[in-house]
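**Q**
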Amino acid sequence: MAETPAEATDDEGIEVVESIAVRFAGDSGDGSQIIGNEFANTSAILGNDISTLPDYPAEIRAPAGTLPGVSAFQVNLSSEEIYTPGDEPQVLVAMNPAALKANIDDLPPGGVLIANTDNFTRNNLRKAGYDQDPLGDGSLSSYRVAKIPLTTLHKEALKHLDGLSNRQIDIMKNMFCLGLVYWIFDRPIEPTIRMIEKKFAANPLVVEGNTTTMKAGYNFGETTEQFQYRYRVTKAPVEPGTYRTVNGAQAAALGLVTAATKAGLTLFYGSYPITPASSLLEELASLKNFDVRTFQAEDEIAAMGSTIGAAFGGALAATGTSGPGIALKSEAINLALVLELPMVICNFQRGGPSTGLPTKAEQSDLLQCMYGRNGESPMILVAAQSPADCFDTAIEAARLAIETMSPVFFMSDGYLVFSSEPWRIPDPDSIPEIPVTPWTNPNDFQPYSRNPDTLARPWALPGTPGLEHRVGGLAKQDGTGNVSYDPNDHQHMVGTLQEKVDRVADRIPEQSVDGPEWGDLLVVGWGSTYGAIRSAVQRSQQKGQKVAFAHVRYLNPFPRNLGDILLKYDKVLVPELNGGQLAHLLDAKYPLKVISYPKIQGQPFRISEITAKIDELLDS
Amino acid sequence: MTEVTAAPQLTRKDFVSDQEVRWCPGCGDYAILAQMQRIMPELGIPKEKIVFVSGIGCSSRFPYYMDTYGIHSIHGRAPTLATGLKVANPDLAVWVITGDGDGLSIGGNHMLHVLRRNVDLNIVLFNNRIYGLTKGQYSPTSKPGHVTKSSPMGSVEQSFNPISVAIGAEATFVARSADRNTKHLADILTKAAAHKGTSFVEIYQNCNIYNDGEWLHVTEADVKDDNTLILEDGEPMIFGKDRDRGIRLNGLYPEVVQLGNGTTEKDLLVHDEQAEGPELAYLLSRLGPPEFPVPLGVFRSIERPTYEAQLADQGRRAREERGDGDLATLFHATDTWIVPEDSGWIPPEQRRDVSTEVSPSTPDYTPDIHHEVEQSELQALMEKRIATLDLPEPACVKAETTLAEAIELMQDRNLGCLLVTDDSDRIEGIFAQGDIFSQVARREMDMDTTTVGSLMTSDPTTLSRSAPIGHVLHMMAGHGFRHIPIVNGDGKPVALASFKSILGFLGDLLK
Ligand code: SF4
């Protein structure tokens, strides 16, 4: 795991470690995200398990060199299976004083700091709030510091290349840094060279500039005496197969397209740009050869309305947004609920309330999605647990939506959208078809007749002769769908909607538990906290503590056996990136009182935080 | 418009639904419904391909009365549903029915954007200059000064001119008619249906309950010819009962002129629906009383590619360039790597299970009641509270009680255990038969001086009466307790759950 000390040193003087986390930090324009991603991809290709987490500044163009402008990208490499980007980095690359200041507290003593001295100018130091140069005042003596004039060396390397503008040269400096990091971590540079050649195929000069400076960075590591330490992370024993990296947005997009293909439907995606959901709109907009029809709506409500219209028209309809967008959509979501049309509503949660923390992750929309609408409004909720899991969860959401003729919430969050991990590419043929059977028989057709098992109503598509019918948001009579204010009709319809959701529990997998079947403590999580909780629980189990872990994918309805499981442990701990919303649902539904562990900082849980909580509960 | 396919000849009646029409008697909506049902068969579109979408308001009840597909959606949002529907299935003929409140107030934003995008829809806006369904508040088209229930001293708001708004929003087809000018209305609706792109039709509609007579000057036979200008493409703008007046342009501004005395048709403005720019259409949209007649007819009708056609075209191009979407290709579209069969990976189910290994002290007994007990009974175990059990009151003693006294009490009353309480009667320990055997037997001690306090188990595990019975069972099974004190909110013992009592409960359950 991330803190694991070096195990051995091989003949080349390279420390072989089980796992290491590297954080790249700089101005938005420094390209930390790009080199972080490349580093992660190369490591994944080498066979490491990886997990990444970008940390974007909230303002896209905060002034260069200032603390609000710092963006970072952390990569965790491991020779074991890993589930999180790591608590703290062992290596920090700081491109300027602000990046140093914003991140140095996370670097443990003995950690490696690589600083671009060219940017440690008096002006930049002042902007970052340093009175004196931390690289010279001894304040960093507990770290292994490499002071490198990256910019100077980079420019030197490109000196002989004519025709590049100063701006182009400036943008390329991250590649020098990447070359150096590749050397330190004993990685090949070829995969990145291939990427550069592909990406800039139209501009050979840019290809040459980028590759030249990257090689220079690599060679600099080799020739300079500065580095006494190199690391190698060996291959992780992972399941055989073909892999690629995905982030949550990509995985969700692939999942929705796969679901549509498996259902034989056109995918319609109506959405209004909002952080962090916009990337799903962008991903899907690029898949037009799959007959994906994306609609960038004029506002959140229009996005929801268009999704309902598309569902009525027979598409696999989906929309995506974040908490503020869900708030705006809620009236239309209720319309979708009572029209009983299938669609997927993706909520990529961010920090709230109000505009809150747009680029940070929180799980604080759980109750909003459960209850945040007028009237009795039961909704099906499923949550993804990791970036790659967004693929499976999106398909599952679509399957449930079509099977029950209902809108389904697909819960994810900013952390899953932005982080990436290896994804074992499935064989598309192994993914089950999603049966879709639109109603065609005009005899005895009733818009609200029901499937006796699922209670789903018929999907009667415009264009089908003889099924002309009207649906609407007014209260109605079951079967005929006629507007009805009859008290019994209303009670019956509201009850039927609830029953329809409840019955989903008959068709979803039972809740599984990782660990002893009975014990002192059960940790219950949902969504993106999966990695941190799972790692923490595994550590506790290795220490001999009687701790188990249940990660709840189906949030409404809960799996049938969940209550049963909860009662088998003395204590139930529920860590969440909110004020205790799942804890609230569990307390309300089951006869027990769980222990809530809320964290609302816009940051994911650290493994160590959960470990500490487990210890505290088991010691008391 | 949708392609015309050979369909059996339909009649007006085919479009009349079985729903009872619920507008106020005399409402202008009836006339509009009648014209719509009249023109439908003439459009030659099979009725299963027609969808009416509405929002909320009197006019929005319209879809219920048309025997086609229909959605009565939510306030102001009909254009958004219609857009999604049309994108999903461009083959449909989609109508949006809205009103001045629905389409220009709460749904104003959607109206602007649907027009700008030129989705192939027909939008019919019933303008009665009032909120009817909510019983008479002023609307965004109510005239300034209009006295209503929500503007008792007169509205202080500038009103919208729907035609000007539509032209400003880059609409490709903009027209106006009136509920009682039936022939004209039918003609305009037919033209709107034929237009490819968003057609926007404003219909002056009389709300005889909350704003009666608003459009009399346009609809009454004796005055309407003098007050309206019927727009005809390519024709000079002549109006009046005697067709003796016209509209002439004076510089940038229109003026009304009397024909004759040297002024001829040649001097008049000539209508051009297809003018590339919106200037003429906009100029006409501003005409109205008192100085000018109200133009009725098509203000603007131009061609521009529709939204859904362009989208479909992009899809075609993408398929041409990249081939039909193939999942396997898509999944592998970035750098991939292969983990070989000999990666050293062990499937989870074959791994040594740390979790079972680390719990040697957990009693082996796992009450696998699932297999024995029906679901409902298991449910009872979880849902029934301890409070529902018939449990004996606990026998309580103080810590100073001597061993002799305690044993005597237990023998007398045939008790398996005593609870030890402090001065405030809160539980501080439990003293059970087992304690006597394990502790007393091993030591030499004076039964009369040794106290219960020195032998009891301090701070015993307790439960509240609201805990599920399953919880008791779990503690007994998991920890080997034979007795569990049940305490109230103050920590005072109120009952004692014994192994025996739980067995009794289980026995009943299984009967
Ligand atoms: S309130 Fe007015 S608009 Fe509404 S139905 Fe009655 S007359 Fe027609």
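One line per chain: the protein sequences are P and A, in this order.
As numbered in the numbering used here, residues 1 to 620 make up the first sequence, in order.
As numbered in the numbering used here, residues 621 to 1131 make up the second sequence, in order.
Just so it is clear, CB atoms sit at the ideal spot from N, CA and C, and this is done for glycine as well.
The structure displayed is predicted, hence computed values, not measured ones.
1. Measure how close the beta-carbons of Phe290(P) and Ser306(P) come, nearest whole angstrom, since I'm counting them as under 8 Å.
2. Would a check of beta-carbon distances place Lys763(A) closer than 9 Å to chain P?
3. Report the option in Thr42(P), Lys288(P), Gln581(P) whose CA atom is closest to the CA atom of Glu940(A).
4. According to DSSP, what are the bridge partners of Thr52(P)?
5. For the structure I just gave you, are there three or more beta carbon pairs, one from the stretch 379-386 of chain P and one from the stretch 549-560 of chain P, closer than 8 Å?
6. Consider the Cβ of Met1(P): report whether some Cβ of chain A lies at a distance smaller than 9 Å.
7. Taking Cβ-Cβ distances shorter than 7 Å, what residues in chain A pair up with Lys288(P)?
8. Select from the stretch 942-959 of chain A all residues with a C-beta closer than 9 Å to any C-beta belonging to chain P, and list them in chain order.
9. Spatial neighbours of Ile14(P) within its chain, please: CB distance less than 8 Å, with the 5 preceding and 5 following residues excluded, ordered by chain position.
10. Taking 8 Å as the line, does the beta carbon of Gly727(A) fall inside it for any heavy atom of ligand 1?
11. Keeping to the same chain, check which residues put their C-beta closer than 6 Å to that of Phe391(P); ignore five residues upstream and five downstream.
12. With DSSP collapsed to three states, give me the class of Thr117(P).
13. With respect to the alpha helix (DSSP H) encompassing Glu283(P), which residues constitute its N-terminal and C-terminal limits?
14. Would you say Gly248(P) reaches chain A, if we count a Cβ-Cβ gap shorter than 9 Å as a contact?
15. Please classify Asn747(A): does DSSP put it in a helix, a strand, or coil?
16. Which term fits Gln644(P), buried or exposed, when burial requires 16 or more other beta carbons within 10 angstroms of its beta carbon?
17. When the Cα of Lys599(P) is compared with those of Ala583(P), Asn48(P), Val246(P), Pro342(P), which residue comes out closest?
18. Who does Thr1071(A) pair with in a DSSP beta bridge?
19. Ordered along the chain, which non-local residues of its own chain (more than five positions away) have a Cβ less than 8 Å from that of Thr976(A)?
20. So the beta strand (DSSP E) Asp413(P) belongs to, where does it begin and stop?
21. Residues of the stretch 291-317 of chain P with a CB closer than 9 Å to any CB of chain A: list them in chain order, please.
22. Using a Cβ cut-off of 9 Å, pull out every chain A residue sitting near Ile425(P), in sequence order please.
23. Three Cβ pairs or more, each shorter than 8 Å: is that satisfied between the stretch 260-270 of chain P and the stretch 429-449 of chain P?
24. Of the residues Asp1110(A), Lys769(A), Ala812(A), which one's Cα is nearest the Cα of Phe919(A)?
25. With DSSP as the reference, please indicate the residues paired to Ser797(A) in a beta bridge.
26. Is it true that the CB of Ala44(P) sits closer than 9 Å to the CB of Ala72(P)?
27. What I want to know is whether the C-beta of Leu701(A) ends up closer than 8 Å to one or more non-hydrogen atoms of ligand 1.
28. On the three-state DSSP scale, how would you describe Asp520(P)?
29. According to DSSP, Leu92(P) sits in a beta bridge with which residue or residues?
30. When you compare each of Gly31(P), Val513(P), Thr611(P), Leu577(P) to Gly544(P) by their alpha carbons, which one comes out closest?
31. Any idea if Glu7(P) is buried or exposed, counting beta-carbon neighbours within 10 angstroms, 16 or more meaning buried?
32. Can the beta-carbon of Tyr902(A) be found less than 9 Å from the beta-carbon of Val707(A)?
33. For ligand 1, is there any heavy atom lying closer than 8 Å to the beta carbon of Asn441(P)?
34. Using a Cβ-Cβ cut-off of 7 Å (strictly less than) and excluding sequence neighbours within five positions of Glu208(P), which residues of its own chain qualify?
35. Give me the chain A residues within the contact set of Glu616(P), using Cβ-Cβ distance strictly less than 7 Å, ordered along the chain.
36. For chain A, find out if any of its Cβ atoms is closer than 9 Å to the Cβ of Ser474(P); answer yes or no.
**A** So, from the listed chains and residues:
1. The residue labelled residue 290(P) in the question sits at position 290 within the first sequence. The residue labelled residue 306(P) in the question sits at position 306 within the first sequence. With a Cβ gap of about 19 Å, Phe290(P) and Ser306(P) do not count as contacting.
2. By one-based count along the second sequence, residue 763(A) stands at place 143. No, its Cβ sits nowhere closer than 9 Å to a Cβ of chain P.
3. Working through the second sequence from its first residue, we reach residue 940(A) at position 320. Nearest C-alpha to Glu940(A): Lys288(P).
4. Walking along the first sequence from the start, residue 52(P) turns up at place 52. BP columns for Thr52(P) point to Val75(P).
5. yes
6. Here the question's residue 1(P) lines up with position 1 in the first sequence. Low confidence applies here, because Met1(P) scores a pLDDT of 36, under 50, leaving its location unreliable; read the following figure in that light. It does not; no Cβ of chain A falls within 9 Å.
7. Residue mapping note: residue 288(P) aligns to position 288 of the first sequence, counting from 1. Result: Gln934, Gly935, Ala938.
8. Arg942, Gly943, Asp944, Gly945, Asp946, Leu947, Ala948, Leu950, Phe951, His952, Ala953, Thr954, Asp955, Thr956, Trp957, Ile958, Val959
9. Numbered from 1 along the first sequence, position 14 holds the residue referred to as residue 14(P). Result list for Ile14(P): Asp186, Arg230, Tyr231, Arg232, in chain order.
10. Counted from its first residue, the second sequence places residue 727(A) at position 107. No.
11. For the purposes of this step, residue 391(P) is identified with residue 391 of the first sequence, where counting begins at 1. Here the set comprises Ala251, Leu254, Gly255.
12. Residue 117(P) sits at position 117 when you count from the first residue of the first sequence. DSSP places Thr117(P) in helix when its eight states are reduced to three.
13. Position 283 of the first sequence, counting from 1, holds the residue named residue 283(P). Counting along the chain, the alpha helix (DSSP H) containing Glu283(P) begins and ends at 278-285.
14. Counting from 1 along the first sequence, the entry for residue 248(P) is found at position 248. Chain A contact via Cβ: absent.
15. Your numbering for residue 747(A) matches position 127 in the second sequence. Reduced to three states, the DSSP call for Asn747(A) is strand.
16. Residue coverage of chain P in this structure runs from 1 to 620, which leaves residue 644(P) outside it and unanswerable.
17. On the first sequence, residue 599(P) is found 599 positions in, with the first residue counted as 1. Of the listed residues, the one whose Cα sits closest to Lys599(P) is Ala583(P).
18. Taking the second sequence and counting its residues from 1, one reaches residue 1071(A) at position 451. DSSP output for Thr1071(A) lists Thr1022(A) as bridge partner(s).
19. Position 356 of the second sequence, counted from the first residue, corresponds to residue 976(A). At Thr976(A), the pLDDT of 41 sits below 50, so the modelled position is not reliable; the number obtained from the coordinates is stated separately. Correct list: empty, nothing qualifies.
20. Within the first sequence, numbered from 1, the residue matching residue 413(P) stands at position 413. 407-413 is the span of the beta strand (DSSP E), which, as asked, contains Asp413(P).
21. Asp291, Val292, Arg293, Thr294, Phe295, Ala297, Glu298, Asp299, Ile301, Ala302, Ala303, Met304, Gly305, Ser306, Thr307, Ile308, Gly309, Ala310, Ala311, Phe312, Gly313, Gly314, Ala315, Ala317
22. Taking the first sequence and counting its residues from 1, one reaches residue 425(P) at position 425. Those are Ala948, Phe951, His952, Thr956, listed as they occur along chain A.
23. yes
24. By 1-based counting over the second sequence, the position of residue 919(A) is 299. Nearest option by C-alpha distance: Ala812(A).
25. Counting from one through the second sequence, the residue named residue 797(A) turns up at place 177. Per DSSP, Ile823(A).
26. As a working note, residue 72(P) is residue 72 in the first sequence. As a working note, residue 44(P) is residue 44 in the first sequence. Not in contact: Ala72(P) and Ala44(P) (Cβ atoms no closer than 9 Å).
27. Residue mapping note: residue 701(A) aligns to position 81 of the second sequence, counting from 1. Because no heavy atom of ligand 1 lies under 8 Å away, the Cβ of Leu701(A) does not count as near it: no.
28. Position 520 of the first sequence, counted from the first residue, corresponds to residue 520(P). If DSSP states are grouped into helix, strand and coil, Asp520(P) belongs with the strands.
29. For the purposes of this step, residue 92(P) is taken as the residue at position 92 of the first sequence. According to DSSP, Leu92(P) bridges with Arg23(P), Leu113(P).
30. Along the first sequence, one-based indexing puts residue 544(P) at 544. Of the listed residues, the one whose Cα sits closest to Gly544(P) is Thr611(P).
31. Along the first sequence, one-based indexing puts residue 7(P) at 7. Because Glu7(P) sits at a pLDDT of 45, beneath the cut-off of 50, its placement in the model cannot be relied upon, and the point is left open.
32. Working through the second sequence from its first residue, we reach residue 902(A) at position 282. Working through the second sequence from its first residue, we reach residue 707(A) at position 87. No, the Cβ-Cβ distance between Tyr902(A) and Val707(A) is not below 9 Å.
33. If you number the first sequence from 1, residue 441(P) lands on position 441. No, ligand 1 has no heavy atom inside 8 Å of this Cβ.
34. For the purposes of this step, residue 208(P) is identified with residue 208 of the first sequence, where counting begins at 1. Excluding residues within five positions, the ones whose Cβ falls inside 7 Å are Leu161.
35. On the first sequence, position 616 is the one that residue 616(P) refers to. Near Glu616(P) there are no residues of chain A at all, since even the closest Cβ is about 18 Å away, more than 7 Å.
36. As a first step, residue 474(P) must be located in the first sequence, where it is residue number 474. Checking the displayed sequence, the identity of residue 474(P) turns out to be Leu instead of Ser. At least one chain A Cβ lies under 9 Å of Leu474(P).
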